[in-house]
Amino acid sequence: MPLVNTKKMFEDAYKGKYAVGAFNVDILTQCQAALEAAEECNSPIILSFSAGSREFFHPGNIKEILEIAAKDIHIPWAIHLDHGASFEICKSCIDEGFTSVMIDASSYDFEDNVRITKSVVDYAHKHGVTVEGELGPCSKRDDPRFKKFTDPEMVKEFVERTGVDSLAVSMGTKHGLAKFEEGEEPELQFDLIAEVEKMLPGFPLVLHGSSSIPDEYLHIFNDNGGELKGTKGVPEELLKRVARTAVCKINIGTDFRVAFVGGLRMSLNEKKDKFEPRNFLVPARQLSKQLVKEKLLNVFQSANKIAKM
Ligand code: G3H
Ligand code: ZN
């Protein structure tokens with residue numbers, strides 16, 4: 000049951016030219032789907048909780064619950080706080096056993112972002128927890144206060160002054176179902192990544208907003224009464240390419256949720272005379288597990304890259 004922080008995960012990913020998948024979870028069934036998929040692919044994996052998911056799941060005991068659920072899991076896995084908005088939420092997660100936290104102070108100005116991020120790093124490192132920072136509007140590309148992409152010049156200074164273990168930068172994506180405008184050609188800022196690689200060799204970057212909204216899962220969702228419209232995800236070809244760069248962590252929230260709820264919708268439609276929850280949760284778990292396996296094998300290229308522990 001190697002519950003780990005992300006340090007060695009990212010070192011291995013950087014050297015091995017693949018990315019670690021981080022999947023946003025709300026409930027135990029999703030955690031089981033992601034962990035089983037990773038185990039079957041022999042890939043590392045990160046379970047990401049937003050502050051809201053943590054509150055819903057079981058604040059205070061997530062580590063204990065997941066360690067029991069993962070007793071037969073042999074691949075390295077991490078429990079991560081996604082988009083932590085303050086020192087306080089990061090501290091709570093560190094105190095209760097999360098192995099990785101993200102402090103997202105990207106909506107502050109540079110100096111405040113440095114100050115807040117460094118305070119989290121100082122506390123986290125005393126407890127063996129790794130920290131992801133955010134520089135640039137990677138989740139808020141439409142926010143008029145920000146330039147479109149992170150300035151690579153600022154990355155070096157930010158990393159050196161804060162001591163963060165990884166950094167989310169704005170390289171062309173955003174959260175949710177529609178990542179690009181109608182008629183906009185999807186592209187990622189590979190030059191930005193290359194500049195960071197030159198300035199900070201070995202330093203891991205993180206890509207947020209990385210869902211592709213694959214047709215197969217979208218159809219299952221919509222053919223069973225769903226109404227997801229205007230979707231435009233990140234093409235898998237771009238993600239495959241980015242996984243071979245300094246980007247060592249790729250975040251997937253939307254795709255994992257669409258697959259899970261698609262499985263629920265499908266089984267609710269098909270089994271109208273059933274009422275045991277597992278009749279609906281089993282297909283949801285299977286479909287979301289299938290999606291994770293496809294990502295790990297075909298997109299992130301993390302399958303069979305680690306030695307079993
Ligand atoms: O922090 C979470 C991820 O960045 C989610 O991105 O909306 O593309 O799944 P997504
Ligand atoms: Zn994000």
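The sequence shown: position 88 = 87 (numbering that gives the first Met the number 0), numbered continuously.
For every residue, glycine included, the Cβ atom is placed at its ideal position computed from N, Cα and C.
If you're wondering where the values come from, they're calculated on a predicted model, not measured in any experiment.
Checklist entry - What separation, rounded to the nearest whole angstrom, lies between the Cα atoms of PHE148 and MET170? => result For PHE148 and MET170, the gap between their C-alpha atoms comes out near 6 Å.
Item to check | Complete beta strand (DSSP E) runs within the segment 99-140 (minimum length 3 residues, chain order) | outcome: Those beta strand (DSSP E) runs which fall completely within the segment 99-140 and span 3+ residues are 99-102 and 129-134.
Checklist entry - Is it buried or exposed for ALA283, if we count other Cβ within 10 angstroms and need 16 for buried? => result The residue is buried, with at least 16 neighbouring Cβ atoms inside 10 Å.
Checklist entry - If we count the other Cβ atoms within 10 Å of its Cβ and call it buried at 16 or more, is HIS218 buried or exposed? => result By the 10 Å Cβ count, HIS218 comes out exposed.
Next on the checklist: Assuming the contact rule is C-beta atoms closer than 8 Å, TYR17 and PHE299 should be a hit. Round their C-beta distance to whole Å, please.
Outcome noted: Correct: roughly 6 Å between the Cβ atoms.
Item to check | Short Cβ contact (8 Å threshold) for HIS79 with GLU38 | outcome: Cβ distance not < 8 Å, so HIS79 and GLU38 don't count as in contact.
Checklist entry - If we count the other Cβ atoms within 10 Å of its Cβ and call it buried at 16 or more, is PRO200 buried or exposed? => result Here PRO200 is exposed, its C-beta having fewer than 16 other C-beta atoms within 10 Å.
Checklist entry - Are there 16 or more other CB atoms within 10 angstroms of the CB of PHE55, so buried, or fewer, so exposed? => result Exposed is the call here.
Item to check | Range covered by the alpha helix (DSSP H) that runs through ASN4 | outcome: Neither: ASN4 is in no alpha helix (DSSP H) and is coded neither H nor E.
Checklist entry - What three-state label does DSSP hand LEU187 in the structure shown? => result DSSP places LEU187 in coil when its eight states are reduced to three.
Checklist entry - Can you tell me where the beta strand (DSSP E) with PHE299 in it begins and where it stops? => result It is not in any beta strand (DSSP E) - PHE299 carries neither H nor E in the DSSP assignment.
Next on the checklist: Considering only their Cβ atoms, is the gap separating PHE9 from VAL19 smaller than 8 Å?
Outcome noted: Yes, they are a contact pair.
Item to check | Short Cβ contact (8 Å threshold) for SER301 with SER47 | outcome: Against a cut-off of 8 Å, the Cβ pair of SER47 and SER301 comes out as no contact.
Checklist entry - Among all the DSSP beta bridges, which residues are the ones paired with SER47? => result DSSP, once it has assigned bridges, lists ASN23 and HIS79 as partnering SER47.
Checklist entry - Rounded to a whole number of angstroms, what is the C-alpha to C-alpha distance between GLU156 and PHE109? => result So the two alpha carbons sit approximately 10 Å from each other.
Next on the checklist: With three or more beta-carbon pairs closer than 8 Å as the criterion, would you say the segment 212-229 touches the segment 262-269?
Outcome noted: These segments touch.
Checklist entry - Taking the alpha carbon of ASP94 as the point to measure from, which residue in ARG114, PRO58 and SER105 has its own alpha carbon closest? => result Taking only the C-alpha atoms, the option nearest ASP94 is PRO58.
Checklist entry - Would you call ALA12 buried or exposed, if buried means 16 or more other Cβ atoms sit within 10 Å of its Cβ? => result The residue in question, ALA12, is buried, as its Cβ has 16 or more Cβ neighbours within 10 Å.
Next on the checklist: Let me confirm a value: PRO276 is counted as buried when at least 16 other C-beta atoms fall within 10 Å, else exposed. Which label applies?
Outcome noted: The residue in question, PRO276, is exposed, as its Cβ has fewer than 16 Cβ neighbours within 10 Å.
Item to check | Cβ neighbours of ALA32 in the same chain (closer than 6 Å, five flanking residues each side left out) | outcome: If we look at ALA32 and ignore the five residues flanking it on each side, its Cβ neighbours are ARG284, SER287 and LYS288.
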